[in-house]
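Data block below; observations after.
Protein chains: 2
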Amino acid sequence: MTTVQHEEHHQVATVGDGGGLQPGTAPPEVDFDTSPDRYRHWELAVDGEVATVTLRVDEQGGLVPGYELKMNSYDLGVDIELYDVVQRLRFEHPEVKAVVMTGGLDRMFCAGANIRMLAQSSHAWKVNFCKFTNETRNGIEDATEASGQTWIAALNGTAAGGGYELALACEEIVLIDDGSSTVSLPEVPLLGVLPGTGGLTRVVDKRHVRKDRADLFATKSEGYRGDTAVQWGLVDATVPKRDWDQEIGRRAAQAAAGSSRRGDRGVQLTPLDRRVEQDAISYPYVTATMDRAARRVDITVDGPAQPPPADAAGVLEQGVDYWPLAVTRALDDLVLRLRTNEQELGTWVFRTRGDTELVLAHDAQLRELADHWFVNEVTLFVKRLLKRLDVTSRSLVAVIEPGSCFAGLLLELALASDRQYMLEGAYEDVDPEAVPAAIVLTAANDGSFPMGNGLSRLASRFWGHDADLDAARGLVGEPLDARAADEAGLVTMALDDIDFSDELRIVLEERASLSPDALTGMEANHRFVGPESLETKIFGRLSAWQNWIFIRPNASGPDGALRRFGSGQRGSYDYRRV
Amino acid sequence: MTTVQHEEHHQVATVGDGGGLQPGTAPPEVDFDTSPDRYRHWELAVDGEVATVTLRVDEQGGLVPGYELKMNSYDLGVDIELYDVVQRLRFEHPEVKAVVMTGGLDRMFCAGANIRMLAQSSHAWKVNFCKFTNETRNGIEDATEASGQTWIAALNGTAAGGGYELALACEEIVLIDDGSSTVSLPEVPLLGVLPGTGGLTRVVDKRHVRKDRADLFATKSEGYRGDTAVQWGLVDATVPKRDWDQEIGRRAAQAAAGSSRRGDRGVQLTPLDRRVEQDAISYPYVTATMDRAARRVDITVDGPAQPPPADAAGVLEQGVDYWPLAVTRALDDLVLRLRTNEQELGTWVFRTRGDTELVLAHDAQLRELADHWFVNEVTLFVKRLLKRLDVTSRSLVAVIEPGSCFAGLLLELALASDRQYMLEGAYEDVDPEAVPAAIVLTAANDGSFPMGNGLSRLASRFWGHDADLDAARGLVGEPLDARAADEAGLVTMALDDIDFSDELRIVLEERASLSPDALTGMEANHRFVGPESLETKIFGRLSAWQNWIFIRPNASGPDGALRRFGSGQRGSYDYRRV
């Protein structure tokens with residue numbers, strides 16, 4: 000791997016900068032798809048309207064060697080299963096209206112992210128791990144808010160660190176009153192890092208814990224239980240063992256009764272049809288080819304081959320083969336794989352290929368049948384996929400050429416990109432007769448897929464320019480050629496054949512030559528204008544601080560708290576405040 | 000210094016973690032007060048309602064050795080003068096309603112922060128430098144919005160990087176049309192870091208530049224000029240040389256005409272009466288004693304000795320001796336000195352001492368005479384001081400004891416703190432007859448000093464608990480003893496004599512033992528609940544990313560872009576995206 004040579008002259012980065020776990024060794028290639036029959040850490044049981052999700056971590060089931068997952072602590076592998084659980088409950092179980100998350104161990108619900116795993120992990124691995132786990136917790140909140148599947152944390156034992164943060168993602172938190180079980184965020188006092196999956200933000204901004212109490216809580220390693228935990232808002236209730244099952248059942252039934260979720264037959268998330276080669280990953284409708292020398296991935300998304308089914312029954316019949324879902328599943332998997340397994344490929348170039356009318360027909364159907372649970376789930380999944388792109392630390396470039404079909408939900412890929420390049424006319428030396436590219440805005444671009452800041456990508460694009468936003472809204476449904484798209488402000492640059500290829504080549508070469516860190520910070524700042532939310536705070540403020548802390552010697556240096564954890568020695572700190 | 004030993008075993012931190020400039024050497028002790036007769040870099044000229052502030056940097060005038068301030072580039076010393084300019088214009092020049100900021104060199108307005116200075120600086124120095132410069136730019140915006148002093152950037156030459164960010168802090172940006180002068184943010188492409196003083200945020204969130212254009216701009220080292228700069232919103236106008244003076248004059252006159260600022264006689268900001276000893280810094284009304292072994296500063300603020308003057312004329316007569324201004328000037332200076340010169344003192348403990356009634360009388364006067372320009376300026380300065388505390392990377396603890404006067408504006412010091420400890424009753428072994436401490440809320444706590452997020456500290460405290468906020472509002476004006484304050488949620492803990500001293504000792508010892516980095520990140524997340532603003536984005540999202548980038552080898556390692564700048568070699572990057 001070309002990365003090895005970098006290890007040597009970047010000696011400052013002996014810790015925290017290897018590609019995978021254990022700096023200097025090749026990172027493992029991670030698969031993000033699994034299924035219940037392969038779970039090692041979670042049990043999923045469905046009983047009518049209520050599902051119970053039980054965490055019982057296989058201590059020997061770590062994703063990579065070097066640590067044991069004791070006390071229901073987790074690593075990326077455990078979280079990949081949880082992501083699968085959340086997705087399957089939404090797609091395969093329309094009848095489930097409440098989800099109880101609990102633990103399979105006695106007195107310990109979950110001890111959070113495994114510390115030995117963190118201690119041996121590279122900086123990049125830690126950061127990527129936190130991002131994925133954050134996305135999954137946001138998905139739990141999205142299921143509660145948008146799918147009528149209310150998640151309830153039934154803490155049958157102590158929830159520490161990431162364990163409590165799992166609970167924070169649930170709508171209700173119930174803690175067993177057994178005289179010993181607590182909720183806690185011991186990261187600051189014990190590990191010298193922040194709770195990495197939204198804990199600080201959710202404590203003050205979601206649970207509305209007073210900030211001085213939040214300060215006490217986040218510096219008190221043993222945490223709180225009982226009246227204090229309830230009074231401060233850290234949990235909703237504590238319940239004695241004898242009433243436990245009844246109270247959890249009551250809360251689940253109550254949440255289910257309030258749900259508007261309707262549906263009888265689920266859609267099985269059958270295994271992805273994915274082909275991985277040395278320099279390519281392909282799925283039906285999605286192909287990615289990797290140019291390692293150029294540090295670039297070219298991603299092509301194909302439009303549908305057929306018109307959409309006539310009605311909801313037909314859509315349900317297609318299931319995972321319904322084009323919007325098939326495309327989204329493939330892209331979601333691709334994004335996760337590229338982020339984790341292909342760190343050097345810093346630029347992702349999106350193209351589309353296909354029949355715009357067929358894209359528009361599917362796009363319209365998502366709104367026409369929006370009341371149908373399955374169609375709703377597909378739309379929400381597209382939303383989550385696009386949010387993943389928004390927080391992806393890669394430069395995203397859309398290339399709009401003849402034969403493309405950037406319309407509606409596929410146009411979102413372009414709007415999510417950092418830049419959009421559109422060809423005027425045709426490539427004279429390829430196919431001078433080709434129909435020039437056109438893009439089409441639909442109502443989907445104006446609200447179906449809000450970003451983390453609550454704005455559509457269209458509204459984000461024209462933030463502060465209401466007249467331009469209104470003008471763009473007036474173009475909904477109209478095919479816009481390069482000049483029209485440029486005039487409407489929907490593309491970065493419209494160039495004719497003579498300039499296009501040269502310009503694009505230079506742009507991509509230049510981009511690939513810039514500091515990957517500076518680009519990551521720049522993109523994270525540019526992509527989210529205007530209002531902020533819990534989500535943008537977690538991915539912006541919290542994650543940025545955590546990344547800084549992760550790379551500081553006080554956490555990850557040879558004598559830092561993370562590295563010394565479990566050795567009996569506390570971290571040795573340089574006490575100067577920065 | 001005790002810090003030296005840390006240099007050795009934190010070998011990861013050979014770059015970026017020394018205490019001052021040039022890692023391993025003792026940091027210089029920095030003074031933050033100056034006056035026009037001592038300026039080396041700025042010229043201040045007042046002509047009626049319009050002031051002109053000209054940047055003409057003394058190349059040999061760097062604050063520390065090792066670099067030349069060529070091309071109007073700046074270091075902390077240049078920015079300390081600018082801060083003084085901003086403050087003096089507000090207090091000494093009530094007649095000034097528009098401020099033109101321009102440059103004294105030909106074709107180069109300002110090249111931004113000096114790169115050699117940054118390259119040789121420790122991580123802590125870079126971070127602290129950016130924080131102070133950000134605060135000064137926010138102060139320029141505050142002068143425009145709240146003081147009726149509209150700042151206009153008259154870019155008579157290229158404004159690059161921090162030079163353009165200076166302009167972004169102004170209400171209007173006018174660029175000379177001389178065929179060569181541009182505005183640019185070359186940090187990402189040339190230095191591998193972010194523009195550090197709000198550039199990315201202000202470009203998209205203040206100037207509303209479309210995000211893909213912002214992306215082009217921030218990666219194009221030579222920047223833009225002319226029509227593009229105007230059309231994209233990077234500047235408000237370009238003006239040919241022949242029309243320059245007239246157009247700038249016209250804009251300044253127009254801004255002045257729209258100002259509601261009224262006042263004829265200014266208040267001279269005479270030199271601070273400050274006494275610096277080995278372990279203490281004292282001013283009239285403010286004393287700080289440093290316990291280096293405990294890594295703590297104890298700060299005591301004295302209330303006024305006399306009732307306030309009877310009217311505005313009397314207030315103006317007192318000038319810098321007007322108690323609210325005297326206290327604020329002293330605390331502002333102290334905060335800046337401690338942040339820069341005393342990095343190891345991680346906990347600041349605030350106490351007050353004095354007559355609550357006299358504090359309340361001054362507090363009430365700030366509102367009664369709010370329409371008077373000088374009283375308004377004092378209130379705005381208190382606001383800015385408190386905002387400095389909010390973004391200070393130190394743990395803040397308020398201790399409320401008999402003899403204290405935490406009321407109104409002084410209570411804000413407690414509300415800005417991470418925790419508030421209040422003694423119930425008296426210290427039996429000191430003065431058993433002492434009158435127990437009481438705190439008093441005033442209308443000031445409910446809106447005079449909004450935080451960066453736009454909320455009062457009271458509203459931030461009760462975010463999500465409207466009933467508690469309303470209840471607290473109902474207590475305005477009432478002395479609240481420890482129990483009442485605790486019940487109202489205004490203090491973290493109310494303890495009697497038997498427990499108080501032990502608890503406080505343990506709390507401060509524990510705090511001093513924790514990771515300074517984790518505390519900084521935790522506090523930055525807890526202090527700003529609810530809404531976000533340009534300011535909170537700059538200090539939260541942008542600064543956190545910048546801090547991360549600053550410490551990464553791609554910027555600050557031996558082969559990083561910052562270190563190699565000017566060597567003819569580009570930075571050698573590890574291209575893996577994190």
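Going line by line, the protein sequences match chains C and Z.
Under numbering that gives the first Met the number 0, read the first sequence as residues 0 to 577, first letter to last.
Under numbering that gives the first Met the number 0, read the second sequence as residues 0 to 577, first letter to last.
A virtual CB, placed ideally from N, CA and C, is assigned to each residue, including glycine.
Nothing here was measured: the structure is a model prediction, and the numbers come from that model.
Taking 7 Å as the cut-off, decide whether the C-beta atoms of residue i and residue j are in contact.
{"i": "Z/V609", "j": "Z/T51", "result": "This structure cannot speak to residue 609 of chain Z, because chain Z is shown only from 0 to 577."}
{"i": "C/R387", "j": "C/G345", "result": "no"}
{"i": "C/D272", "j": "C/R352", "result": "no"}
{"i": "C/G160", "j": "C/G197", "result": "no"}
{"i": "Z/H361", "j": "Z/A311", "result": "no"}
{"i": "Z/A436", "j": "Z/L422", "result": "yes"}
{"i": "C/A523", "j": "Z/W547", "result": "no"}
{"i": "C/C109", "j": "C/L54", "result": "yes"}
{"i": "C/A560", "j": "C/G222", "result": "no"}
{"i": "Z/V187", "j": "C/A252", "result": "no"}
{"i": "C/D558", "j": "C/S571", "result": "yes"}
{"i": "Z/R576", "j": "C/Q342", "result": "yes"}
{"i": "C/L233", "j": "C/R201", "result": "no"}
{"i": "C/G265", "j": "C/P35", "result": "no"}
{"i": "Z/G76", "j": "Z/M107", "result": "no"}
Tell me where the alpha helix (DSSP H) around residue i begins and ends.
{"i": "C/G129", "result": "First, the amino acid is wrong: residue 129 of chain C is Cys here, not Gly. Counting along the chain, the alpha helix (DSSP H) containing C/C129 begins and ends at H122 to A145."}
{"i": "Z/Y82", "result": "L75 to E91"}
{"i": "Z/R418", "result": "Segment R418 to E423 is the beta strand (DSSP E) holding Z/R418; no alpha helix (DSSP H) there."}
{"i": "C/D204", "result": "G198 to D204"}
State the start and end residues of the unbroken beta strand (DSSP E) segment that holds residue i.
{"i": "Z/A397", "result": "S394 to I399"}
{"i": "Z/D495", "result": "M492 to D495"}
{"i": "Z/L154", "result": "T149 to L154"}
Determine, for residue i, whether the minimum Cβ-Cβ distance to residues of chain C falls below 7 Å.
{"i": "Z/A168", "result": "no"}
{"i": "Z/L513", "result": "yes"}
{"i": "Z/D516", "result": "yes"}
{"i": "Z/N444", "result": "no"}
Where DSSP assigns a beta bridge to residue i, which residues make up the other side?
{"i": "C/Y282", "result": "C/V285"}
{"i": "C/L43", "result": "C/V52"}
{"i": "C/C169", "result": "DSSP output for C/C169 lists no bridge partner at all."}
{"i": "Z/F349", "result": "Z/I298 and Z/A397"}
{"i": "Z/G102", "result": "Z/L54"}
{"i": "C/V176", "result": "In the sequence as presented, Val is not what sits at residue 176 of chain C; that position holds Asp. DSSP, once it has assigned bridges, lists C/P239 as partnering C/D176."}
{"i": "Z/A406", "result": "Z/V439"}
{"i": "Z/A158", "result": "Z/C109 and Z/V182"}
Apart from the five residues on each side of it in sequence, which residues of its chain come closer than 7 Å, Cβ to Cβ, to residue i?
{"i": "Z/A255", "result": "E48, V49, K96 and A97"}
{"i": "Z/T33", "result": "I79, E80 and D83"}
Identify, in the order they occur along the chain, each residue of the same chain with its Cβ nearer than 8 Å to the Cβ of residue i, setting aside the five sequence neighbours on each side.
{"i": "C/V238", "result": "V173, L174, I175, D176, E246 and I247"}
Kindly indicate if chain Z contains any beta-carbon less than 7 Å away from that of residue i.
{"i": "C/V577", "result": "yes"}
{"i": "C/V63", "result": "no"}
{"i": "C/E531", "result": "yes"}
{"i": "C/I550", "result": "yes"}
{"i": "C/N546", "result": "yes"}
{"i": "C/E343", "result": "yes"}
{"i": "C/P27", "result": "no"}
{"i": "C/S566", "result": "no"}
Leaving out the 5 sequence neighbours to the left and right, which residues in its chain are closer than 6 Å to residue i when beta-carbon positions are compared?
{"i": "C/Q21", "result": "Low confidence applies to C/Q21: its pLDDT is 49, below 50, so where it sits in the model is not reliable enough to give any reading."}
{"i": "Z/L68", "result": "V56, E58, G61 and N113"}
{"i": "C/A363", "result": "none"}
{"i": "C/T236", "result": "Looking at the sequence shown, residue 236 of chain C is not Thr but Ala. Only V173 meet the Cβ criterion."}
{"i": "Z/T288", "result": "A279 and D297"}
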